[in-house]
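Asker: Taking our numbering, the leading residue of the sequence shown gets 628, the next gets one more, and so forth. Beta carbons: idealized from backbone N, C-alpha and C, even for Gly.
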Amino acid sequence: MVTGDQKGTVGVWRTHRGMTPVCQYQKDGAITNIVFCSLMMNQDQGENVNSLFFFGGNSGSVCLADDGKNCSEVCKVPGQVKSILFYEKENSVIIITSHLLLVQFKLNLSEKLVPDRKVKLAVAGNPDFLNTIWAGQSLMATVSGENMIRMFNIETDENYVLTLAESAFQGLLFQDKIVTVSYNSRKRILTGGTKNGYIVMWKCKQMSAESPSSSEGWEARAPMRAKGPNISQIEWGGNQ
628 MVTGDQKGTV GVWRTHRGMT PVCQYQKDGA ITNIVFCSLM MNQDQGENVN SLFFFGGNSG
688 SVCLADDGKN CSEVCKVPGQ VKSILFYEKE NSVIIITSHL LLVQFKLNLS EKLVPDRKVK
748 LAVAGNPDFL NTIWAGQSLM ATVSGENMIR MFNIETDENY VLTLAESAFQ GLLFQDKIVT
808 VSYNSRKRIL TGGTKNGYIV MWKCKQMSAE SPSSSEGWEA RAPMRAKGPN ISQIEWGGNQ
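Pasting the structure below:
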């Protein structure tokens, strides 16, 4: 297990028979993102390196570390790190910043890393709500306090939106904003939480494993109202 805090401390723990500290890293600024990866070191032989993880936060620094006291800065991006995604298909890391910049690095620990791609995201809304997740093969879903979820396929460069104007939402959400997003890969359901306390869902209609290339590939479900306003987080359980 790995933890990060507001003071920039990253802790690595073993959880077998209680919590045992393994090692610790100290960086500037709050740590807001941690993601594990299975980094392919030798693609010809298919050799993986386990126990590797990326972390980043308010300082804009993104580091690659392990549980053996090895930690190195992968890159430094302008602004804050809002999301870190490991893209296993291309052995790369994707970083979304508070300046609405998408930066992709292909990983090779034997060479200096240079950006493979830089894209300015066409996103409005509030950067405080900016969050990007995987929503299928090569498909990213981004929310930022708009009335939509923006979908972007990193492989094909296709993009489209899923909006709160869906007929399934019965006109209840025209003035609402989506502030959090989650994806159930097992059921292939994309879920958003809104400022006014609604939970909205889209079910993937694709029969194949490929991700939808347009909004027509998703079917909106009737919204549900939570007890309170402003849903700040949504997570699916592992068995759901």
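I'd like to know whether the C-beta atoms of F680 and V701 end up nearer to each other than 8 Å.
Answerer: With respect to the 8 Å criterion, F680 and V701 are not classified as neighbours on the basis of their beta carbons.
Asker: Could you tell me how far apart the beta carbons of A795 and M778 are, in whole angstroms, since I believe they sit closer than 8 Å?
Answerer: Not a contact, Cβ separation roughly 17 Å.
Asker: Please classify E715: does DSSP put it in a helix, a strand, or coil?
Answerer: helix
Asker: If distances are taken between C-alpha atoms only, which option among L766, Y810, K696, V708 comes closest to V639?
Answerer: Checked all of L766, Y810, K696, V708; the closest Cα to V639 is K696.
Asker: Mind checking which residues open and close the beta strand (DSSP E) that includes Q653?
Answerer: Residues 647 to 653.
Asker: Name the two residues that bound the continuous beta strand (DSSP E) containing A847.
Answerer: 845 to 847
Asker: Can you tell which of K747, V730, R744, G819 has the C-alpha that lies nearest to the C-alpha of G772?
Answerer: Ranking K747, V730, R744, G819 by Cα distance to G772 puts G819 first.
Asker: Alpha carbon to alpha carbon, what distance is there between M628 and T647?
Answerer: Counting only the Cα atoms, M628 lies some 10 Å from T647.
Asker: Could you tell me whether any Cβ in chain D is nearer than 8 Å to the Cβ of S678?
Answerer: Checking the listed chains, one finds no chain D in this structure; it contains a single protein chain.
Asker: Where do the N-terminal and C-terminal ends of the beta strand (DSSP E) with L729 fall, by residue?
Answerer: 728 to 733
Asker: State yes or no: is the C-beta of K745 within less than 8 Å of the C-beta of L727?
Answerer: no
Asker: What does V662 pair with, by DSSP beta-bridge criteria?
Answerer: Residue pairing of V662 in beta bridges, as defined by DSSP: F681.
Asker: Among the residues of its own chain, which have a CB less than 6 Å from the CB of R641, if the five just before and after it don't count?
Answerer: T647, V649
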